[in-house]
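Asker: Can you read through this structure? Questions will come right after.
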């Protein structure tokens, strides 16, 4: 039988054996596993794992994610034997989450360099650029979490299902982990909604939101030129949803006008309109929150659409919330996800943000940690 199938709900071994004799050395096993459904997931689902075992003891293993298998059914797994083994088996185990089709794997000898590279860059990409070579462990971690790695004319990018995001700095690894793997800003809605992304950075949260079928439009605000340009490149990579995303190269606060601050060319995370102590002087544009958002919010309400707002702007959230409250726009917003930062004024903290939300009928989920009252996460939904 060439292929073995497992229906959804069935757990356990899909393939095991054949208990062959293998000499000492380094090898690469290639499994062929397909997900037997046509959905295009954005977030990875663990649908099983493959391993190599000797005498029933696992010596190498990797997880199977549907996002990876939909992109390519071939899964590579390196293993090493210090001495000849007579009972080596190659196993495919299903979690029962999704229907799978698997075929018996093959294996072949490899060198030390192949063992280092191949698992992180299956099939399509060879690690040629200095950036990839320098950050192999980080790329490998993303691959093991279900990402696929590829390159285009711009540079390397990772894909989770249809979503593509370029990686050109170490900050990008943190953004992917926070947004796609930890789901810090993810939301699920059955209602037509718009998404407002204040502190868009390199665009990943905006792109994630745009792939949601009930999100009709995304509005992303980013005042700093370097992350804004990265966001435009990442949005362009996601042709299926780029028409939904509207970008604005200015920040939000409680005033209008230019502002000169120090900006780091090496990092996109942590930039704020207060600037850094060191860096390159640059002029950014700031718009009053109400001037920038009033029409967007009221027009969405007139269409019967919910407004979902993400705020992560390194300290500007207090001025933004104050202006939304003063303009009586809070009753027109359905939900918030806010990362707050106590950088500018020791008298401002998460309570400063929750008070107007509670007063306007929101249920607030405060994930601030008592041992770290310098930053935290808030989630709020208006009933």
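Numbering (our numbering), first residue to last: -17 to 365. Every residue gets a Cβ at the ideal spot worked out from N, C-alpha and C, and that includes glycine. Quick caveat: nothing in here was measured; it's all calculated off a predicted structure.
Roughly how many whole angstroms lie between the Cα atoms of residue 240 and residue 169?
Answerer: Near 33 Å, if we compare the C-alpha coordinates of residue 169 and residue 240.
Asker: By the 10 Å Cβ neighbour count, where 16 or more other Cβ atoms means buried, how is residue 205 classified, buried or exposed?
Answerer: With 16 or more other Cβ atoms within 10 Å, it is buried.
Asker: What number of angstroms, rounded off, separates the C-alpha of residue 12 from the C-alpha of residue 73?
Answerer: Going by the C-alpha atoms only, they are around 11 Å apart.
Asker: Look up residue 87 in the DSSP assignment and say whether it is helix, strand or coil.
Answerer: Here residue 87 sits in strand by DSSP.
Asker: Among the residues of its own chain, which have a CB less than 6 Å from the CB of residue 188, if the five just before and after it don't count?
Answerer: Excluding positions up to five away in sequence, the list reads 179, 182, 200, 202 and 227.
Asker: Under the rule that 16 or more other beta-carbon atoms within 10 Å means buried, what is residue 145, buried or exposed?
Answerer: Classification of residue 145: buried, given that the 10 Å Cβ count is 16 or more.
Asker: Measuring straight from C-alpha to C-alpha, what distance separates residue 274 and residue 136?
Answerer: For residue 274 and residue 136, the distance between alpha carbons rounds to 32 Å.
Asker: According to DSSP, which residues form a beta bridge with residue 201?
Answerer: Note: residue 201 sits in a beta bridge opposite 178 and 228.
Asker: Using alpha carbons as the reference points, say which of 89, 75 and 120 lies closest to residue 158.
Answerer: Here the closest residue by C-alpha is 120.
Asker: Between residue 77 and residue 51, how many whole angstroms is the CB-CB distance? I'm expecting something under 8 Å.
Answerer: 12 Å between Cβ atoms; not a contact.
Asker: Can you list, in chain order, the residues of its chain whose CB lies under 8 Å from that of residue 97, leaving out five sequence neighbours each side?
Answerer: At residue 97 the pLDDT is 49, less than 50, meaning the model places this residue with poor confidence and gives no usable figure here.
Asker: Applying the criterion that 16 or more other CB atoms from any shown protein chain within 10 Å of the CB defines a buried residue, is residue 48 buried or exposed?
Answerer: Flag for residue 48 reads buried.
Asker: Which term fits residue 130, buried or exposed, when burial requires 16 or more other beta carbons within 10 angstroms of its beta carbon?
Answerer: Buried, since its Cβ has 16 or more Cβ neighbours within 10 Å.
Asker: Which same chain residues end up closer than 7 Å to residue 163 when comparing Cβ atoms and leaving out the 5 residues on each side of it in sequence?
Answerer: Counting only Cβ-Cβ distances below 7 Å, and skipping sequence neighbours, we find 127.
Asker: Do residue 124 and residue 140 count as a contact pair if the criterion is CB distance below 7 Å?
Answerer: Contact flag set, yes.
Asker: Going along the chain, which residues of its own chain have a beta-carbon closer than 6 Å to the beta-carbon of residue 223, five neighbours each way excluded?
Answerer: Only 192 and 193 meet the Cβ criterion.
Asker: Could you check where the alpha helix (DSSP H) with residue 307 kicks off and where it finishes?
Answerer: Taken as a continuous stretch (DSSP letters only), the alpha helix (DSSP H) holding residue 307 covers 299 to 308.
Asker: Checking the sheet assignment: what are the DSSP bridge partners for residue 317?
Answerer: Bridge partners of residue 317: 290 and 363.
Asker: Can you list the beta strand (DSSP E) stretches of 3 or more residues lying completely in the stretch 22 to 48, in chain order?
Answerer: Listed in chain order, the complete beta strand (DSSP E) runs (minimum 3 residues) inside the stretch 22 to 48 are 28 to 36 and 39 to 47.
Asker: Which term fits residue 343, buried or exposed, when burial requires 16 or more other beta carbons within 10 angstroms of its beta carbon?
Answerer: The residue in question, residue 343, is exposed, as its Cβ has fewer than 16 Cβ neighbours within 10 Å.
Asker: Can you give me the Cβ contacts of residue 348 inside the same chain, cut-off strictly under 7 Å, excluding the 5 residues immediately before and after it?
Answerer: Taken in chain order, the residues that qualify are 332, 336 and 360.
Asker: Report the residue from 301, 269 and 338 whose alpha carbon sits nearest the alpha carbon of residue 315.
Answerer: Of the candidates 301, 269 and 338, the one whose C-alpha sits nearest the C-alpha of residue 315 is 338.
Asker: Helix, strand or coil for residue 159 per DSSP?
Answerer: If DSSP states are grouped into helix, strand and coil, residue 159 belongs with the helices.
Asker: Which whole-angstrom value is the C-beta distance of residue 365 and residue 345, which I expect to be below 8 Å?
Answerer: Residue 365 to residue 345, Cβ: 7 Å. Contact.
Asker: Rounded to whole angstroms, what's the CA-CA distance from residue 112 to residue 122? Just pull it up for me.
Answerer: If I take the Cα positions, the gap works out to 15 Å.
Asker: Reducing DSSP to helix, strand and coil, say where residue 170 ends up.
Answerer: In the structure shown, residue 170 sits in coil (DSSP, three-state: anything other than H, G, I, E or B).
Asker: Going by DSSP, which residues form a beta bridge with residue 245?
Answerer: DSSP lists 262 as partners of residue 245.
Asker: If you compare alpha carbons, which of 299, 312, 307 and 305 is closest to residue 330?
Answerer: Comparing Cα-Cα distances from residue 330 to each of 299, 312, 307 and 305, the minimum goes to 299.
Asker: Would the beta-carbon of residue 65 fall within 7 Å of that of residue 1?
Answerer: No, these two residues do not count as a Cβ contact at 7 Å.
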